[in-house]
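Numbering (my numbering), first residue to last: 6 to 300.
No residue lacks a Cβ here, since even glycine has one placed at the ideal position from N, Cα and C.
Beneath this line is the structure, given in structure tokens, with notes to follow.
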Amino acid sequence: MNLQRLLFQLPKVLRVHQWVKNVLLFVPLFTAHRLADKAVWQKGGLAFLAFSLVASSVYIINDLLDVKSDRLHPRKKNRPFASNAFPLALGIGLVPLLISLGVGLAVWVGQDFVFVLGIYFALTFLYSLWVKRLLLWDVICLASLYTIRIFAGSAASGVPVSKWLLAFSLFIFLSLALAKRVSELKVHQQKKGEVIPGRGYQSIDEEALSNLGAASGYLSVLVFALYVNSSEVTQFYRYAETLWFTCPLILYWISRIWIISNRGHLHDDPIVFALKDKVSYLVLLLTVTVLYLAT
């Protein structure tokens with residue numbers, strides 16, 4: 006296999022497109038209105054790269070463990086390892102290299118960030134090895150991994166995570182994780198009683214998962230509404246009542262994600278999907294506009 010072909014496959018092996026999820030590291034800066042702090046941005050940039058490298062190492066571990074089941078999947082069979090486009094031995098060699106580079110950068114960021122990064126790696130490794138096969142624990146784990154990214158950003162920047170942000174993130178990310186599972190069930194179109202390979206779900210679980218996911222998504226909107234009505238909101242917003250306009254925007258986006266999921270069209274990670282979706286960009290633009298007007 007020539008070098009050019011290997012380099013072409015490398016971004017797919019590292020799942021570089023998934024790095025966009027690590028933008029969540031900057032959420033504490035955004036919610037605390039610290040976006041103008043250059044020193045914090047420098048640390049944040051290093052933290053983003055360190056987190057991305059370590060995340061890629063676990064993506065590789067996950068793909069190596071799932072080679073057999075991926076080859077039976079209609080879409081995942083095209084992944085580099087499953088399709089034999091990238092040597093398994095080379096993938097194994099990349100894992101310690103990526104971890105070393107990521108941890109090396111993390112040390113420059115700070116001890117607290119290294120600690121959170123270690124928790125992320127351990128939990129993701131457990132997910133790849135075991136948790137992803139457990140009913141419901143897999144989606145709880147996925148929601149936690151999203152939230153850990155926010156804590157990692159907090160550890161890197163020194164900006165604390167508010168209880169409101171913590172509650173909001175747990176509910177909305179649990180909803181998105183469930184949406185992904187429901188979409189997978191739709192795609193497989195399995196008969197009652199059949200279990201999806203490598204997962205703990207049956208086709209009969211689809212309705213229950215949809216109900217749980219939609220409820221979790223709407224709970225995140227409730228948390229945001231309670232935040233708007235709290236005393237803490239006045240610390241950051243002069244016209245806090247304007248924030249109420251954000252609630253219908255989040256409600257619309259969550260509802261739309263669930264409709265797409267129930268149609269079986271949510272093929273990517275929900276965050277990655279949102280970054281390819283024009284409607285999501287429009288909702289984001291309107292939300293940022295509301296937040297700006299409330300400031």
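Would you check if the distance between the CB atom of residue i and the CB atom of residue j is smaller than 8 Å?
i, j, result
"THR239", "VAL295", "no"
"VAL228", "ALA245", "no"
"ILE65", "GLY96", "yes"
"LEU69", "LEU93", "yes"
"ALA60", "ARG76", "no"
"TYR242", "ALA172", "no"
"PHE126", "ALA160", "no"
"THR305", "LEU224", "Summary: the structure shown does not reach residue 305, with the chain confined to residues 6 through 300, and so no result is reported for it."
"ILE124", "SER62", "no"
"LEU58", "GLY107", "yes"
Alpha carbon to alpha carbon, how far is residue j from residue i? Give it in angstroms, no decimals.
i, j, result
"VAL144", "TYR151", "11 Å"
"ASN216", "SER266", "12 Å"
"LEU99", "LEU131", "19 Å"
"TRP113", "LEU51", "8 Å"
"LYS196", "ASN67", "Note that LYS196 scores a pLDDT of 49, beneath 50, so its modelled location is shaky; the value from the coordinates is reported in the next line. One C-alpha to the other measures close to 27 Å."
"VAL164", "ARG204", "37 Å"
"GLY198", "LYS17", "Unreliable placement is indicated for GLY198, whose pLDDT of 49 sits below 50; the coordinate value is still reported in the next sentence. Their Cα atoms are separated by approximately 34 Å."
"HIS270", "LEU280", "15 Å"
"ILE209", "TRP249", "38 Å"
"VAL25", "GLN207", "31 Å"
"ASP71", "ASN89", "13 Å"
"ARG268", "HIS78", "18 Å"
"GLN23", "ALA148", "15 Å"
"VAL192", "LEU139", "20 Å"
"ARG80", "HIS272", "9 Å"
"PHE176", "ARG84", "31 Å"
"LEU287", "ALA230", "21 Å"
"VAL166", "ARG39", "13 Å"
"LEU12", "PHE120", "32 Å"
"TRP135", "THR247", "45 Å"
"ALA111", "LYS137", "27 Å"
"GLY115", "PHE53", "13 Å"
"LEU214", "ILE255", "20 Å"
"LYS82", "GLN14", "14 Å"
From the options, pick the residue whose C-alpha is nearest to that of residue i; which is it?
i, options, result
"VAL277", "SER167, ALA161, LYS185", "LYS185"
"SER174", "VAL187, VAL226, LEU134", "VAL226"
"LEU291", "HIS272, TYR257, LEU271, ASP274", "TYR257"
"LYS283", "ARG268, ILE262, PHE118", "ILE262"
"SER188", "ILE177, ILE264, LEU224, THR36", "ILE264"
"LEU122", "LEU77, ALA41, LEU139, ALA55", "ALA55"
"GLN9", "ARG39, PRO253, PHE91", "PHE91"
"GLY49", "SER74, PHE31, TYR242", "PHE31"
"LEU181", "TRP249, ALA220, VAL293, LEU289", "ALA220"
"GLU211", "TYR223, LEU224, LEU190", "LEU190"
"ILE155", "LEU139, SER133, PHE178, TRP135", "PHE178"
"ASN27", "SER236, LEU248, GLY158, PRO253", "GLY158"
"LEU102", "PRO85, ASP42, LEU19", "LEU19"
"ASP274", "LEU183, LEU231, ALA213, VAL288", "LEU183"
"SER133", "TYR286, SER74, LYS82, ASP42", "SER74"
"THR129", "GLY115, CYS146, SER285, ARG39", "CYS146"
"TRP46", "LEU11, SER235, LEU12, SER162", "SER162"
"SER235", "LEU15, LYS168, LEU254", "LYS168"
"GLY222", "SER260, ALA213, LEU254, GLU237", "SER260"
Is the beta carbon of residue i within less than 7 Å of some heavy atom of the ligand MG?
i, result
"SER105", "By its list of ligands, the structure shown contains no ligand whatsoever, and the ligand MG lies outside what it can speak to."
- Message: Give the list of continuous beta strand (DSSP E) stretches no shorter than 3 residues that lie fully inside the stretch 44 to 91.
- Response: For the stretch 44 to 91, not a single whole beta strand (DSSP E) run of length 3 or above is found.
- Start-end ranges of the alpha helix (DSSP H) lying completely within the stretch 99 to 153, minimum 4 residues: Segments of the alpha helix (DSSP H) lying fully in the stretch 99 to 153: 116 to 134.
- Query: Which whole runs of the alpha helix (DSSP H) in the stretch 251 to 275 are 4 residues long or more, in chain order?
  - Reply: If you keep only unbroken alpha helix (DSSP H) runs of at least 4 residues inside the stretch 251 to 275, you get 251 to 267.
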